[in-house]
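Note that the working numbering has the sequence shown beginning at 898, numbered continuously upward. This report concerns only the one structure given below.
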Amino acid sequence: MTELEEKIGHRFNNQDYLQTALTHSSYANETKCRGGSNERLEFLGDSVLGFVVADYLYKNFPNLPEGELTKKRASLVCEKACCGFSKQLDLGKFLLLSHGEQNSGGRTRSSILADAFESVTAAVYLDGGMEEARSFILRFVLPLMKEAKPKAFKDYKTALQEIIQKNPEEMLEYVLTGESGPDHDKHFTVEVHLNSNVIGKGGGRSKKEAEQQAAREAMELMGY
């Protein structure tokens, strides 16, 4: 773990945080791992990442309106960005995966790498506090912010939300309608509902990807 801690730039007081952050659900299920998988850390890390980026954008771009801030944040915390951050740390090398997941290329799968970065972010936050997590996150985010091209990422969910929120009485909801395949090759299907009416469907190897595809279909059907 010393090699990874050097890459992360944080020496863990509680090694369990880092160990759990690297434990994929497939490995936890296969080995009946007592510490569980990194899914709960992923949940927390996603929120910490979003907050740190939003806080930075708010303080450093005082003239940007809410819509533009939302788009910038989305491009910096999306699966593609987090996967890139994960590759910089070479996290795939350190992940604990089931035999099936390893054999199917799990160490290079974008959704797994993105989730792992969020999990490690949560581990740093829990072990070292918010300022340590902020330093860790901005080390990756700031260079991407400088090199990002304005339309490098299309956040269909945010774009769809901006269209719908023009009518406050309308309500969007993403509903998981299907989940298939083994742990190492999951496929999710999602519907996006507008006031309980289905306006788009999508699929992908992660729920986030499926939601983006559903939002894209909805926008296409609406003529955007």
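Backbone N, C-alpha and C define an ideal beta-carbon position, used for all residues, glycine too.
Residue 1099 sits buried, since 16 or more C-beta atoms from the chains shown fall within 10 Å of its C-beta. Following the DSSP letters along the chain, one finds residue 1071 inside the beta strand (DSSP E) bounded by residues 1069-1077. The residues 945, 946, 949, 950, 1018, in chain order, have a CB closer than 8 Å to that of residue 1034 in the same chain once the five nearest residues on each side in sequence are set aside. By the 16-neighbour rule on beta-carbons within 10 angstroms, residue 1110 is buried. Here the segment 987-995 lies against the segment 911-931, with 3 or more beta-carbon pairs under 8 Å apart. Following the DSSP letters along the chain, one finds residue 1086 inside the beta strand (DSSP E) bounded by residues 1084-1091. In the DSSP assignment, the residues bridged to residue 920 are 993.
Partner residues in the beta bridge of residue 1100, as assigned by DSSP, are 1086. In the same chain as residue 1103, and ignoring 5 residues on each side of it, the C-beta atoms closer than 6 Å to its own belong to 1008, in chain order.
Rounded to whole angstroms, residue 980 and residue 1066 show a C-alpha spacing of 36 Å. Straight through space, the alpha carbons of residue 953 and residue 902 are spaced by roughly 25 Å. For residue 1094, the secondary structure class from DSSP, reduced to helix, strand or coil, is strand.
For residue 1005, no alpha helix (DSSP H) encloses it, and the DSSP letter there is neither H nor E. The C-beta of residue 970 has 16 or more other C-beta atoms within 10 Å across all chains shown, which makes the residue buried. Residue 900 counts as exposed, since fewer than 16 other beta carbons sit within 10 angstroms of its beta carbon. A direct Cα-Cα distance of roughly 33 Å separates residue 1083 from residue 1032. Looking only at 938, 1003, 974, the smallest Cα-Cα distance to residue 924 is reached by 1003. The alpha-carbon separation between residue 975 and residue 1022 amounts to approximately 19 Å.
Residue environment analysis places residue 964 among the exposed positions, since fewer than 16 neighbouring C-beta atoms fall within 10 angstroms of its C-beta. Around the C-beta of residue 1088, 16 or more other C-beta atoms lie within 10 Å, and the residue is accordingly described as buried.
Excluding sequence positions up to five before and after residue 1068, its CB lies within less than 7 Å of the CB of 1092, all in the same chain and listed in chain order. Of the residues assessed, residue 898 falls on the exposed side of the cut-off, its CB having fewer than 16 other CB atoms within 10 angstroms. Sorting 966, 983, 978, 977 by C-alpha distance to the C-alpha of residue 1056 places 966 at the top.
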